[in-house]
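The structure appears right after this line, and notes come after that.
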Amino acid sequence: MKSDQNFCGSTIFLRSPDALHADLEGETVMMSIERGEYFGLNSVGSRVWAQLEAPQSLDQLCSALTAEYAVDDAQCREEVSAFLQEMLRLGIVSVQA
Amino acid sequence: MYCYRLYQLTIHSDIELPELLVGSADDVSADVLIRLGTVAPPPGDAGDDGEDGLWAAPDRFWFSVAGVASYDVTGGHTITIDAAVGSDAASIRLFLLGSAIGALLFQRGYLVLHGNAIRVGEACLVCVGDSGIGKSTLAAAFLQAGYSILADDVVPVTADGTAMPGMPRIKLWQDAADRLGLSTAGLQRIRPEMDKYNVPLAEHFCDQPLPLRWLYLLQQGEAGAATRVEEVTGLERFRVLCDNTYRLYFLRGMGLQERHFRQCADLAGRIRVKKITRPPEGAEPGDLVRLILQDAAD
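If you read the sequences in order, they're chains P and X. Following the numbering used here, the numbering of the first sequence begins with 2 at its first residue and continues without gaps. Following the numbering used here, the numbering of the second sequence begins with 3 at its first residue and continues without gaps.
This is the structure in structure tokens:
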């Protein structure tokens with residue numbers, strides 16, 4: 002999977018203030034007010050979102066997730082990068098300036 | 003000045019609203035005032051061209067229906083109606099008791115669903131679905147089966163998941179009435195040019211608030227497949243509530259998207275959400291009623 006990375010491992014990500022989230026029986030539903038769209042997070046997305054309670058870099062996110070799940074760093078990076086790209090596109094996370 | 007009760011609110015109205023439950027003459031203070039008066043057009047050009055228009059802000063909601071009236075809804079307590087020349091009373095009331103009241107209920111903090119609320123025991127179920135799917139026909143079928151209706155079309159729900167009772171009438175298309183063997187002779191049309199009638203509920207109106215326990219989404223499936231009921235789980239429950247909110251498109255201008263999101267997420271956790279899929283050629287309304295009641299009893 003090609004990832005259009007325009008960020009590096011140390012870029013800090015944070016939750017957008019206008020992104021709403023709610024827990025529905027273990028699944029996370031999110032809404033971007035600005036875009037008027039809502040969507041659900043899969044298990045990877047839900048974990049990354051939970052970690053982003055405090056601003057984190059890709060390095061930090063993968064470090065936490067590989068400790069928690071039996072997944073190697075390369076695979077983790079690929080999945081989490083893809084998730085972050087999508088969340089950037091949807092406007093629910095942003096990059097710390 | 004006329005007094006009414008609607009959704010547990012005391013209404014004082016300049017115009018007669020025969021569809022509503024009459025209120026007590028002792029209700030000196032009103033929750034809601036409905037007045038005839040001049041309505042200033044909203045900022046910008048939403049109001050100018052004599053076409054239908056809509057404008058929403060957190061403190062004020064305005065809409066206009068060509069040839070009928072302009073409506074201003076403010077503060078969750080005042081609706082002002084500026085009637086167009088040559089407008090008819092039934093049309094004025096139709097939009098008053100629909101979009102105007104809907105906007106008012108949003109201003110007052112309710113989650114408002116677009117469907118019909120039917121009493122089942124000490125709780126209620128709400129049937130929702132796209133326009134034309136058969137919600138009113140189904141409501142009338144429940145009536146025929148002896149059940150009572152709390153609300154038709156506009157169903158306000160409180161934070162603790164209670165549905166509020168509306169007015170003792172449902173709106174029914176002529177062809178739905180024909181299908182159910184109901185006569186529309188002597189009934190009033192909801193608008194002069196429409197083949198849809200106000201059907202009084204009489205003793206089949208449930209005038210008490212009830213906890214909402216089930217939501218049934220009516221939808222159309224493939225030809226030939228039997229009608230079935232399925233549970234809606236997880237995230238999709240939230241989506242069903244969002245999609246079946248009354249006049250969802252009002253909410254952005256009113257600045258209520260965040261609150262609406264929270265209300266839907268909260269209600270999704272409290273109720274059973276089901277979808278009932280019927281074939282394109284339709285299903286016997288009586289069969290749908292039986293299927294739903296059987297499902298709700300489980």
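Ideal Cβ positions, reconstructed from N, Cα and C, are used throughout, including at glycine.
Residues bridged to X:Thr279 by DSSP?
Taking the second sequence and counting its residues from 1, the one referred to as residue 279 of chain X is at position 277. For X:Thr279, which the question treats as bridged, DSSP gives the partners X:Gln221, X:Arg230.
Straight-line CA distance for X:Gln10 to X:Gly77?
Start at 1 with the first residue of the second sequence, and residue 10 of chain X comes out as number 8. Start at 1 with the first residue of the second sequence, and residue 77 of chain X comes out as number 75. Their Cα atoms are separated by approximately 17 Å.
Relative to chain P, which residues along the segment 236–260 of chain X have a C-beta separation below 8 Å, given in chain order?
Gly236, Leu237, Arg239, Phe240, Arg241, Cys244, Arg254, Gln259, Glu260
From what residue to what residue does the beta strand (DSSP E) around X:Arg193 run?
The residue given as residue 193 of chain X occupies position 191 in the second sequence. Careful: X:Arg193 lies outside any beta strand (DSSP E) and carries neither H nor E.
May I ask you to report which of helix, strand or coil DSSP gives P:Gln61?
If you number the first sequence from 1, residue 61 of chain P lands on position 60. Correct three-state label for P:Gln61: helix.
One question on the structure: do X:Glu233 and X:Pro281 come within less than 9 Å of each other, judged by their Cβ atoms?
To locate residue 233 of chain X, count along the second sequence from 1; it is residue 231. To locate residue 281 of chain X, count along the second sequence from 1; it is residue 279. No, the Cβ-Cβ distance between X:Glu233 and X:Pro281 is not below 9 Å.
On the criterion of 16 or more Cβ atoms from any shown chain inside 10 Å, does X:Thr82 qualify as buried, or is it exposed?
Your numbering for residue 82 of chain X matches position 80 in the second sequence. The residue in question, X:Thr82, is buried, as its Cβ has 16 or more Cβ neighbours within 10 Å.
Quick one: is P:Met88 near chain X, going by C-beta distance under 9 Å?
Mapped onto the first sequence, residue 88 of chain P falls at position 87. False, the Cβ-Cβ gap to chain X never drops below 9 Å.
Put P:Cys9 into one of helix, strand or coil per three-state DSSP.
By 1-based counting over the first sequence, the position of residue 9 of chain P is 8. DSSP places P:Cys9 in coil when its eight states are reduced to three.
Going by alpha carbons, who is nearest to X:Gly136 out of X:Val159, X:Asp268, X:Ala178?
Stepping through the second sequence from its first residue, residue 136 of chain X is reached at position 134. When only C-alpha atoms are compared, the closest one is X:Ala178.
Which residues share a DSSP beta bridge with P:Trp50?
Counted from its first residue, the first sequence places residue 50 of chain P at position 49. BP columns for P:Trp50 are empty, so no partner.
Grab me the residues of X:Leu203's own chain with a C-beta within less than 8 Å of its C-beta, minus the 5 sequence neighbours each way, in chain order.
For the purposes of this step, residue 203 of chain X is taken as residue 201 along the second sequence, with counting starting at 1. Within the same chain, X:Leu203 has close Cβ partners Leu145, Ser150, Ile151, Pro170, Arg171, Ile172.
Which chain P residues sit within Cβ distance under 8 Å of X:Arg264?
Taking the first residue of the second sequence as position 1, residue 264 of chain X is located at position 262. The contacting residues are Leu21, Ala23.
Take every Cβ of the segment 82–91 of chain P, pair it with every Cβ of the segment 37–52 of chain P, and state whether three or more of those distances are shorter than 8 Å.
yes
In the structure shown, what three-state DSSP assignment does X:His79 receive?
The residue given as residue 79 of chain X occupies position 77 in the second sequence. Here X:His79 sits in coil by DSSP.
What residue does the beta strand (DSSP E) around P:Phe40 start on, and which one ends it?
Counted from its first residue, the first sequence places residue 40 of chain P at position 39. Element bounds for P:Phe40: 38–42.
Could you pull out every unbroken alpha helix (DSSP H) segment of at least 4 residues lying fully inside the segment 158–186 of chain X, listed in chain order?
176–182
Which bits of chain P does X:Ala267 rub up against, with CB to CB less than 7 Å?
One-based indexing of the second sequence puts residue 267 of chain X at position 265. For X:Ala267, the residues of chain P that pass the 7 Å Cβ criterion are Ala23, Leu25, Val30, in the order they occur in the chain.
P:Gly10 to P:Gln61, Cα distance in whole Å?
Walking along the first sequence from the start, residue 10 of chain P turns up at place 9. Walking along the first sequence from the start, residue 61 of chain P turns up at place 60. The straight-line gap from Cα to Cα measures roughly 8 Å.
Going by DSSP, name the residue or residues bridged to X:Asn118.
Here the question's residue 118 of chain X lines up with position 116 in the second sequence. In the DSSP output, where bridge partners are listed per residue, X:Asn118 has X:Cys129, X:Asp154.
With contact counted as at least three CB pairs below 8 Å, one residue from each stretch, are the segment 237–246 of chain X and the segment 29–46 of chain P in contact?
yes
Does any residue of chain X bring its CB to less than 9 Å from the CB of P:Ile34?
Here the question's residue 34 of chain P lines up with position 33 in the first sequence. So, interface residue.
Measure from the C-beta of P:Gly41 to each C-beta in chain X and report whether the shortest distance is under 9 Å.
Here residue 41 of chain P refers to the residue found at position 40 when the first sequence is read from its first residue. Interface residue, yes.
Determine the burial state of X:Val157: buried for a count of at least 16 other Cβ atoms within 10 Å of its Cβ, exposed for fewer.
Here the question's residue 157 of chain X lines up with position 155 in the second sequence. When all chains shown are included, X:Val157 counts as buried.
Closest to X:Ile120 by CA distance: which of X:Leu98, X:Asp154, X:Leu22, X:Leu258 is it?
Along the second sequence, one-based indexing puts residue 120 of chain X at 118. Considering only alpha carbons, the answer is X:Asp154.
Hey, which unbroken runs of the beta strand (DSSP E) at 3 residues or more fall wholly within the segment 229–277 of chain X?
Runs of beta strand (DSSP E) with 3 or more residues, each lying fully within the segment 229–277 of chain X, are found at 230–233, listed in chain order.
If distances are taken between C-alpha atoms only, which option among X:Asp16, X:Tyr4, X:Val41, X:Val30 comes closest to X:Leu23?
Residue 23 of chain X sits at position 21 when you count from the first residue of the second sequence. Between X:Leu23 and the set X:Asp16, X:Tyr4, X:Val41, X:Val30, the nearest pair of CA atoms involves X:Tyr4.
Looking at C-alpha atoms only, which residue of X:Gln109, X:Ile192, X:Ser101, X:Ile36 is the closest neighbour of X:Arg261?
Position 259 of the second sequence, counted from the first residue, corresponds to residue 261 of chain X. That would be X:Gln109, whose Cα lies nearest to the Cα of X:Arg261.
I'd like to know if X:Gly271 contacts chain P, where contact means its C-beta is closer than 9 Å to some C-beta of that chain.
Position 269 of the second sequence, counted from the start, is the residue given in the question as residue 271 of chain X. Chain P contact via Cβ: present.
For P:Tyr39, collect the residues of the same chain with a Cβ closer than 7 Å to its Cβ; drop the 5 residues on either side in sequence, then sort them by chain order.
Reading the first sequence from its first residue, position 38 is the one you call residue 39 of chain P. Hits under 7 Å: Val30, Met31, Met32.
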